[in-house]
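Chains as they are written, first to last, in the working numbering: chain A, 1 to 393; chain B, 1 to 160. For glycine and all other residues, C-beta sits at the position ideal for the given N, C-alpha and C. The structure appears below as structure tokens.
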């Protein structure tokens with residue numbers, strides 16, 4: 001390496017101001033423990049259903065290994081369009097309003113890139129998934145974090161939102177059902193938000209990657225609310241609903257002028273989403289509804305079990321109605337979230353994620369992912385109970 | 001009664017009543033009562049482990065036997081099926097549609113033991129008109145469980 005090179009001067013200031021996620025060291029520790037249980041990674045423990053894997057394999061056998069259309073295969077876009085209609089009562093013509101992306105993440109990135117100019121503010125409710133802030137910053141936009149509260153069941157309230165809106169507000173992120181809190185927004189919650197947005201130019205980036213994983217009530221999209229369709233970019237994907245994380249398959253549905261620009265972005269940075277994954281995704285859309293239902297039922301059982309367990313051992317926890325996370329309140333232990341996670345991992349070999357990793361408002365909470373086997377959940381609860389008892393000594 | 005609890009049990013009968021109650025959204029007492037009733041009504045026949053004997057030192061041979069029988073007046077196939085399933089060695093008996101009447105699955109310690117059972121017990125039965133024995137060479141999957149350990153993907157812990 002040429003030591004005369006000063007990379008700090010060379011690398012863009014923008015990327016250097018983005019902080020990396022601080023979770024790495026936990027996972028390194030975890031790797032070394034033989035009996036470790038991880039409630040850390042937010043990923044289904046199910047393997048992709050076989051018929052979906054088989055469709056991917058079959059496409060390879062047939063030699064379908066070429067590029068597809070930039071926006072994604074028309075058959076897949078048609079399926080996504082039909083799915084959005086069937087499941088969420090939303091109409092998106094496949095030819096102009098659907099873009100197939102590399103996971104939901106790429107769709108989020110592309111949405112910000114086509115909406116945000118330097119100095120534009122993007123309101124991000126937190127605690128929420130970690131990508132929104134950095135991606136907005138990379139567009140030279142200004143992330144405006146809005147802290148959600150456990151007493152509001154981690155929903156976004158109109159009072160909160162009103163306080164954050166300025167003339168520079170370009171977009172609002174709606175990360176519901178929410179990672180890490182499990183909070184959801186019902187129709188009335190969304191209507192109250194819509195009331196504030198009507199008559200403004202504020203766009204909504206609605207990250208609905210967990211839309212299939214709601215318990216007790218059906219997911220409602222912001223695009224379902226009157227007048228909101230034209231200002232909403234709906235982000236979806238196959239990772240959480242169909243246990244397809246490694247396939248990297250997502251999509252965006254939005255008004256045509258937005259999809260047109262996002263497709264341009266996608267065309268230059270990605271070309272097209274992986275062809276094998278697209279074939280698998282077609283099968284998932286066509287014949288995967290029962291898999292989704294089965295997995296949702298499974299998660300629901302584990303959700304009830306973990307909630308009951310956490311409350312029984314004395315950790316207050318609001319009932320999450322979506323995604324596959326519990327977000328218990330650990331303030332009563334006297335530890336910070338980081339301390340709690342580190343000690344729980346070192347002393348009991350169980351990994352959970354510090355709430356503070358998910359932005360302001362997450363301090364005092366930890367995220368436990370229950371997309372893991374009942375056996376592991378039961379063992380994790382036993383260890384958690386012991387851990388809390390030892391803390392009190 | 002709700003079949004949710006029954007499905008949970010079918011999948012894993014080692015779950016405790018407390019776990020089942022939490023998962024099914026019932027009380028422990030309700031779970032206990034439901035299970036008791038199902039056991040009494042023979043909806044739940046029993047609880048068993050699924051064992052891969054090939055991983056132990058014990059030899060085990062399983063055979064699937066197609067059996068043709070003469071049904072009996074008034075009792076159809078039931079009487080002869082009963083005469084077959086009473087044998088300790090017989091694991092399962094099913095009445096079939098198609099080219100034979102009963103599927104009999106039997107397990108023994110050795111090939112000879114199984115052959116002996118077919119030759120000396122099963123085939124000589126009055127109502128049995130023919131048998132075809134198929135030895136099972138390898139078990140891949142039983143009751144949704146896969147025998148061969150699955151390779152695990154090398155995983156990077158990423159933050160999502």
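Item, Value
"Quick one: Cα of residue 364 of chain A to Cα of residue 216 of chain A, how far?", "27 Å"
"Here's the rule: buried if 16 or more other CB atoms are within 10 angstroms of the residue's CB, otherwise exposed. What is residue 237 of chain A?", "buried"
"For residue 21 of chain A, return the contacting residues in chain B, with the cut-off set at a CB-CB distance below 7 Å.", "159"
"List the DSSP bridge partners of residue 141 of chain B.", "B:146"
"Please report the Cβ distance between residue 322 of chain A and residue 214 of chain A, rounded to the nearest whole angstrom; I am assuming they are in contact, meaning their Cβ atoms lie under 8 Å.", "5 Å"
"Can you grab the Cα-Cα spacing for the pair residue 282 of chain A / residue 76 of chain A, in whole Å?", "5 Å"
"What residues of chain B sit near residue 43 of chain A, judged by a beta carbon separation below 7 Å?", "160"
"How many angstroms separate the CA atom of residue 147 of chain B from the CA atom of residue 97 of chain B?", "29 Å"
"Curious, which full-length alpha helix (DSSP H) runs of at least 4 residues does the stretch 173 to 248 of chain A contain?", "187 to 197"
"Please determine, among A:180, A:135, A:169 and A:342, the residue with the shortest C-alpha to C-alpha distance to residue 149 of chain A.", "A:180"
"Pop quiz: residue 37 of chain A and residue 379 of chain A are said to be a contact at Cβ under 8 Å. What is the actual Cβ separation, rounded to whole angstroms?", "6 Å"
"Which chain B residues sit within Cβ distance under 9 Å of residue 63 of chain A?", "Within chain B, no residue comes near residue 63 of chain A; the closest Cβ sits about 25 Å away, beyond 9 Å."
"Would you check if the stretch 52 to 60 of chain A and the stretch 298 to 308 of chain A touch, i.e. whether three or more CB-CB distances between them fall below 8 Å?", "no"
"Evaluate the contact criterion for the stretch 194 to 207 of chain A versus the stretch 225 to 235 of chain A: three or more CB pairs, one atom per stretch, below 8 Å.", "yes"
"Of the choices B:10, B:3, B:6 and B:23, whose alpha-carbon is the least far from that of residue 144 of chain B?", "B:10"
"Taking the beta strand (DSSP E) that residue 158 of chain A belongs to, which residues open and close that run?", "Counting along the chain, residue 158 of chain A falls outside any beta strand (DSSP E), though it belongs to the alpha helix (DSSP H) covering 158 to 164."
"Mapping the DSSP letters down to three states, classify residue 137 of chain A as helix, strand or coil.", "helix"
"Using a Cβ-Cβ distance under 9 Å, would residue 98 of chain B count as near chain A?", "no"
"Could you check whether residue 142 of chain A and residue 168 of chain A sit closer than 9 Å to each other, using their CB atoms as the reference points?", "yes"
"What are the start and end residues of the beta strand (DSSP E) that includes residue 147 of chain A?", "142 to 147"
"Kindly confirm or deny that the stretch 330 to 346 of chain A and the stretch 11 to 18 of chain B touch, where touching means at least three C-beta pairs closer than 8 Å.", "no"
"Cβ closer than 7 Å: which chain A residues qualify as neighbours of residue 25 of chain B?", "304"
"In angstroms with no decimal places, state the Cα-to-Cα distance between residue 17 of chain A and residue 8 of chain A.", "11 Å"
"Smallest Cα separation from residue 86 of chain A: which of A:345, A:285 and A:352?", "A:285"
"State the Cα-Cα distance for the pair residue 114 of chain B and residue 71 of chain B, rounded to the nearest angstrom.", "25 Å"
"When the Cα atoms are used, what is the spatial distance from residue 351 of chain A to residue 366 of chain A?", "10 Å"
"If we count the other Cβ atoms within 10 Å of its Cβ and call it buried at 16 or more, is residue 242 of chain A buried or exposed?", "buried"
"Jot down the residue ranges of each uninterrupted alpha helix (DSSP H) in the stretch 91 to 131 of chain B, minimum 4 residues, whole runs only, in chain order.", "111 to 116"
"Check this for me: beta carbons of residue 221 of chain A and residue 88 of chain A, under 9 Å apart or not?", "yes"
"Using the beta-carbon of each residue, which ones in chain A are nearer than 8 Å to residue 8 of chain B?", "301"
"Could you name the residues that DSSP lists as bridge partners for residue 125 of chain A?", "A:146"
"Taking only runs of the beta strand (DSSP E) that begin and end inside the stretch 71 to 108 of chain A, which ones reach a length of at least 3 residues, in chain order?", "98 to 101"
"State yes or no: is the C-beta of residue 147 of chain A within less than 9 Å of the C-beta of residue 361 of chain A?", "yes"
"Can you check whether the CB of residue 31 of chain B is closer than 9 Å to the CB of residue 5 of chain B?", "yes"
"Tell me where the beta strand (DSSP E) around residue 64 of chain B begins and ends.", "61 to 69"
"For the stretch 38 to 48 of chain A against the stretch 267 to 279 of chain A, are there 3 or more C-beta pairs whose distance is under 8 Å?", "no"
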